[in-house]
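This report concerns only the one structure given below.
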Amino acid sequence: MAFEYEVINSRLVAENSILALRRDEVTMPDGTTSHREIVEHFGAVAIVAYDGNNIAMVRQYRHAVKTRLWELPAGLLDIANEDPLVCAQRELKEEAGIGARNWAVLVDGINSPGFCDEAVRIYLATDLFSVQQPNRQHEELDMENEWVPLVEAVEMVMNGKIHNLTAVAGIMCANNVLSHNAQPREYDCDFALRPTALSSRRQAQGLLGDMKQVVRD
Numbered sequence: 001m002a003f004e005y006e007v008i009n010s011r012l013v014a015e016n017s018i019l020a021l022r023r024d025e026v027t028m029p030d031g032t033t034s035h036r037e038i039v040e041h042f043g044a045v046a047i048v049a050y051d052g053n054n055i056a057m058v059r060q061y062r063h064a065v066k067t068r069l070w071e072l073p074a075g076l077l078d079i080a081n082e083d084p085l086v087c088a089q090r091e092l093k094e095e096a097g098i099g100a101r102n103w104a105v106l107v108d109g110i111n112s113p114g115f116c117d118e119a120v121r122i123y124l125a126t127d128l129f130s131v132q133q134p135n136r137q138h139e140e141l142d143m144e145n146e147w148v149p150l151v152e153a154v155e156m157v158m159n160g161k162i163h164n165l166t167a168v169a170g171i172m173c174a175n176n177v178l179s180h181n182a183q184p185r186e187y188d189c190d191f192a193l194r195p196t197a198l199s200s201r202r203q204a205q206g207l208l209g210d211m212k213q214v215v216r217d
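Quick note on numbering: full-length UniProt numbering labels position 99 of the sequence shown as 99, and the sequence is numbered without any gaps.
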């Protein structure tokens, strides 16, 4: 029978607008306890928008790695209780100026489970149309948009030109689905991996819309 890990103590170490750091004391199989630092995250969505030949990609500066990365349109689940599909539709509009009539789930993924609860849902969007983009801010002002043939995007993954793992997963899964080798899931299937620790605490503090705020006692 698998060992049941239990949290016997937990405290918040640090917090900012989009994440928090928590320290848990957890029981171990040998009878001891050990501390684990956990980065709490809202979770995110990303979109493979496919026009029948090309996918919409963005290239933007990421300060943590100090380089520009090829990525999919994506964004945080930072609105309280927002449906992930609604978030994906908004992000596709904001980052790419695109709407879509057909949606399906390609894959749900966890990027760094050793220390972070972030989970990402990646959608396939088809039957596309143009929409007006809102004004951009910060790094988004420098964001490049490009239509990339799906076959070329797969090659970019395999030759090391695309490094963002959400983009890698989305591109490869989309290629598998669009090659009729796999079936996507329904757009409204359960997102069981969606993290709740940070959003639940923010909502308990009274943040019922945009949760990217730190409430100080």
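Don't be surprised by glycine CBs; every beta carbon is placed ideally from N, CA and C.
Here the structure is a predicted model, which means the values were calculated and not measured.
- Taking C-beta separations shorter than 6 Å and ignoring five residues to either side along the sequence, the partners of Glu95 in its chain run Val58, Pro73, following chain order.
- Going by DSSP, Gln60 is part of the beta strand (DSSP E) stretching over 54-62.
- Cys173 and Asn102 have their alpha carbons spaced roughly 17 Å apart.
- The region 127-137 and the region 146-162 do not touch, with fewer than 3 CB-CB distances between them shorter than 8 Å.
- For Ala197, there is no enclosing beta strand (DSSP E); the enclosing alpha helix (DSSP H) has its first and last residue at 197-204.
- One alpha carbon belongs to Glu40, the other to Gly114, and they sit about 12 Å apart.
- Here Arg194 carries a coil assignment [DSSP, helix/strand/coil].
- Taking the Cα of Met156 as reference, the smallest distance to any Cα among Gln205, Pro184, Leu69, Asn111 is reached at Leu69.
- Between the alpha carbons of Tyr50 and Ala100 lies a distance of about 9 Å.
- Val107 carries a strand assignment under DSSP once its states are collapsed to helix, strand and coil.
- Rounded to whole angstroms, the gap between the alpha carbons of Asn176 and Pro195 is 27 Å.
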